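K.L.:
There are 2 protein chains.
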Amino acid sequence: MLGNFTYCNPTKLYFGDKALDNLKTELAKYGKKVLLTYGGGSIKKTGLYDQIIAILNEAGKEIIELPGVMPNPTSDKLIEGADLARKHEVDFILAVGGGSVIDYAKAVSVSAWCNDNPWEKYFLRMEDVDNKIIPIGCILTMVGTGSEMNGGSVITNHEQKLKIGHVFGENVFPKFAILNPVLTYTIPQYQMIAGFYDIMSHILEQYFSGTDDNTSDYLMEGLLKSLIHSSRIAVKDPQNYEARSNIMWIATWALNTLVAKGKSTDWEVHMIGQAVGAYTDATHGMTLSAVSLPYYRHIMPYGLAKFKRYAVNVWDVNPDGKSDEQIAEEGLKRMEEYMREIGLVMSIKELGATEDMIEGIADATFILTGGYKTLSKPEIIDILKQSM
Amino acid sequence: MLGNFTYCNPTKLYFGDKALDNLKTELAKYGKKVLLTYGGGSIKKTGLYDQIIAILNEAGKEIIELPGVMPNPTSDKLIEGADLARKHEVDFILAVGGGSVIDYAKAVSVSAWCNDNPWEKYFLRMEDVDNKIIPIGCILTMVGTGSEMNGGSVITNHEQKLKIGHVFGENVFPKFAILNPVLTYTIPQYQMIAGFYDIMSHILEQYFSGTDDNTSDYLMEGLLKSLIHSSRIAVKDPQNYEARSNIMWIATWALNTLVAKGKSTDWEVHMIGQAVGAYTDATHGMTLSAVSLPYYRHIMPYGLAKFKRYAVNVWDVNPDGKSDEQIAEEGLKRMEEYMREIGLVMSIKELGATEDMIEGIADATFILTGGYKTLSKPEIIDILKQSM
């Protein structure tokens, strides 16, 4: 465990098929005006919307609706939500949806009472929050981002071709998260699988960094093995409660700050994937899957010991009689087979990226320094070409 | 992940060799009167006591001292502490020590304003807390119990020959815990090693239960592998910061409620070990190590699949060409070798237990039902005899 750090995660999780029963008790802790935010309206088709409205009414809340949160929430939508929250002086924000909706709720939470342009202050300039924060809670309908138990919030500005994440402090974390695995059954297969890879990438991007012996790496190997096991079941049987509930739990713990504690982390795959997303508006998890293997094959020589450990501990590669390179490469090969098996997109071309975008995507990619190799722009271009 | 459950752990952890720097900021959140509780005075020898007193003085606190907390805190000591806390109307309890001191601080926290006999109400009758709770914080000097981030509190009544744990709710959890691995360097080797097995037992007693596929089991395999790795280093080189810091972190996460979520748990080794402790006053971790293998060998046939998984995933047993029983037994054999290697006590006789105590220890053992086999009294007697 490296350095000095603080761990605090006060989000209360209600897990299970009856988790929604706890919503009314939680709502009682906050004021009358609730901003209800959600996505494209699928929650109306499934009946969840009606259930939530009934609970809000029973709890005597005044409901201000903010629907239409898009998969990659935009800075324009953020301004709309912040204006609405301020105008109604809402006491609480209830987010119903996947990571995008919860990310968006956090951004609105800190932006409503911000006297500056919140996109510029909190995303472009990454400043600390110094204004009133509206408490939020969430009901998760799609897993992947871990947004239900962390301070992460990603907002896209189409005009500037930028997709930027800010990790807010624990005062912006959801106060509670309702995690009912059954609510995740209805999302389309493509989105479900993309979510699985988002989870995997969260774990890998924290795993592939550092050379010390760290308990977090052992925890991540456990999370990866459980995810690989359950996702293989879920792609064939999406309504398998055991598989879906394990995946929901893994997603939360993959990105609620725990496994990053006391170690360095990478996150370059997310940087490249987000840049691809800003150009193509493709599903987040698929932008990550499409660029991952070219990225990992590129950095493998710089973190060979960890890639070898990954092959043996996660993919059960038998190391006997093989060189470190061979072991590491066999691990990535098994990972590739798994990715193809569960139906992940393995090419950014399939996501709508074209050759003429590559320069721009590379320019839009933030270069981080926590991984085994700090990339140059030509290296990013090379990885993007390998990902075509 | 089985059933419906709630996860909430609000304890703030400050980790690292400079963690104590955060004490003053935390103390500022509470009132003037601080009850400072600690054990036998080793913190005076190490200089930690003086450091803490200086910080308390700087923070303008009035200090009420409550030293002399014994390794197995007694119900008499609990009454003494509760009376003192009430008499001085303390605002906060600062516990400095290992699990015993923190367990004790929690017991005092709920007992000071209890109108009943707290031993009877909270330990014998296990009632919910319905009186004022005094907030506590802790500075950990010995790892093992996980008490720094949970609601557990074990109190011993010598007259009644009972050692009972109550798991209190999150309102009794320490508000903060200061985890500086360097502070754990000074404890004697015997206590250190006992703590290592206490951690291992916490993990195993949650692991050896249930037949479902559960992410918690994968996380526990990770914690176990990290613990085995680091403890082997620490017994030879107790001042190895990397090893000791990993062990400190593992101890916290082994028993802060996370890995028990969504699964059944056992805890029978703790029940037997605590009964041994009530008769011998032996070090907690050693009572567990002395009874564990006879217990696990006894229940193995009833949970064979899990014991096989344990052998393969934790002890790297090669399963090729072996029966499930052979694989499982080889896992326990490797565990035994490891236990002897790091210097654990493998016999209750060595801890002071005598043949004539066995009947009484068996009677004092609570029988739980979460494990692979609910024990009868003759089975407990048999396990105790095997442990002699």
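Chains as they are written, first to last, in the numbering used here: chain S, 1 to 388; chain C, 389 to 776. Glycine included, each C-beta is placed from N, C-alpha and C at the ideal position. Note that this is a predicted model, so its numbers are computed, not measured.
(1) If you compare alpha carbons, which of S:N157, S:G152 and S:I178 is closest to S:F168?
(2) Within the same chain, show all residues whose beta-carbon is closer than 8 Å to that of C:L611, passing over the 5 residues directly before and after it, in chain order.
(3) Chain S beta carbons: is any one of them nearer than 9 Å to that of C:E609?
(4) Per DSSP, S:A392 forms a beta bridge with which residues?
(5) Kindly indicate which residue of S:C138, S:L162 and S:G97 has the alpha-carbon position closest to the one of S:M271.
(6) Taking 9 Å as the threshold (beta carbon to beta carbon), is C:E630 in contact with chain S?
(7) Spell out the partners DSSP gives C:V542 in its beta bridges.
(8) Does the beta carbon of C:K400 sit closer than 9 Å to a beta carbon anywhere in chain S?
(9) Short check: CB of S:V345 to CB of S:S264, under 9 Å?
(10) Can you tell me whether DSSP reads S:I327 as helix, strand or coil?
(11) Is any beta-carbon of chain S found at less than 9 Å from that of C:L592?
(12) Tell me whether S:N171 is buried or exposed, calling it buried when 16 or more other Cβ atoms sit within 10 Å of its Cβ.
(13) Cβ of C:K421 within 9 Å of Cβ of C:E450?
(14) Is the shortest distance between the beta-carbon of S:C8 and the beta-carbons of chain C less than 9 Å?
(15) What three-state label does DSSP hand S:F307 in the structure shown?
(16) Name the one or two DSSP bridge partners that C:Y395 has.
(17) Applying the criterion that 16 or more other CB atoms from any shown protein chain within 10 Å of the CB defines a buried residue, is C:R513 buried or exposed?
(18) Please report the straight-line C-alpha distance between S:L140 and S:G39, rounded to a whole angstrom.
(19) Write down every uninterrupted run of the alpha helix (DSSP H) in the stretch 239–272 of chain S whose length is 4 residues or greater and which is fully enclosed by it, in chain order.
(20) Looking at S:Y197: is its Cβ nearer than 9 Å to the Cβ of S:M286?
(21) Look at the Cβ atom of C:R377, then the Cβ atom of C:P626, and state whether they are nearer than 9 Å.
(22) Could you name the residues of chain C that S:A260 contacts, counting a contact when the two beta carbons are closer than 8 Å?
(23) Give the DSSP-derived three-state secondary structure of S:K176 in the structure shown.
(24) Any beta carbon of chain S sitting closer than 9 Å to that of C:N545?
(25) Contact criterion: CB-CB distance below 9 Å. Does C:M723 meet it with respect to chain S?
(26) Name, in chain order, the residues that DSSP records as bridge partners for S:T74.
(27) Determine the closest residue to S:Q206 out of S:G195, S:A194 and S:L219, with distance taken between C-alpha atoms.
(28) Distance check for S:D363 and S:Y279, CA to CA, integer angstroms please.
(29) Who pairs with C:I452 in a beta bridge, going by DSSP?
(30) Can you tell me whether DSSP reads C:V664 as helix, strand or coil?
(31) Taking Cβ positions only, does S:W253 come closer than 9 Å to chain C?
(32) When burial is assigned at 16 or more other CB atoms within 10 Å of the CB, is C:Q577 buried or exposed?
(33) Take C:I768 and list the residues in its own chain whose beta-carbon comes closer than 6 Å to its own, dropping the five residues that flank it on each side.
(34) Does C:D625 get closer than 9 Å to chain S when you measure Cβ to Cβ?
(35) Do three or more CB pairs link the stretch 499–507 of chain C to the stretch 518–528 of chain C at distances below 8 Å?
(36) Any beta carbon of chain S sitting closer than 9 Å to that of C:F403?
P.N.:
Inspection of the coordinates gives the following:
(1) S:G152
(2) I591, I638, W641, A642 and V647
(3) Interface residue, yes.
(4) Nothing in the structure corresponds to residue 392 of chain S, since chain S is present only between 1 and 388.
(5) S:L162
(6) yes
(7) C:G553
(8) yes
(9) no
(10) helix
(11) no
(12) That one is exposed.
(13) yes
(14) Residue-level contact check: S:C8 touches chain C, since one or more beta carbons of chain C fall below 9 Å from its beta carbon.
(15) helix
(16) S:L13
(17) When all chains shown are included, C:R513 counts as exposed.
(18) 12 Å
(19) 241–254
(20) Yes, the pair counts as a contact, with Cβ atoms nearer than the cut-off.
(21) Because chain C is modelled from 389 through 776, residue 377 of chain C falls outside the range shown and cannot be assessed.
(22) Correct list: empty, because the minimum Cβ distance to chain C is about 13 Å.
(23) Inspection of the sequence shows that residue 176 of chain S is occupied by Phe rather than by Lys. Here S:F176 sits in strand by DSSP.
(24) Answer no: the Cβ-Cβ gap between C:N545 and chain S never drops below 9 Å.
(25) no
(26) According to DSSP, which records beta bridges pairwise, S:T74 is partnered with S:T156.
(27) Measuring from the Cα of S:Q206, the nearest candidate turns out to be S:L219.
(28) Taking the straight line joining both Cα atoms gives about 11 Å.
(29) C:L423
(30) helix
(31) yes
(32) exposed
(33) A750 and T753
(34) no
(35) Touching, yes.
(36) yes
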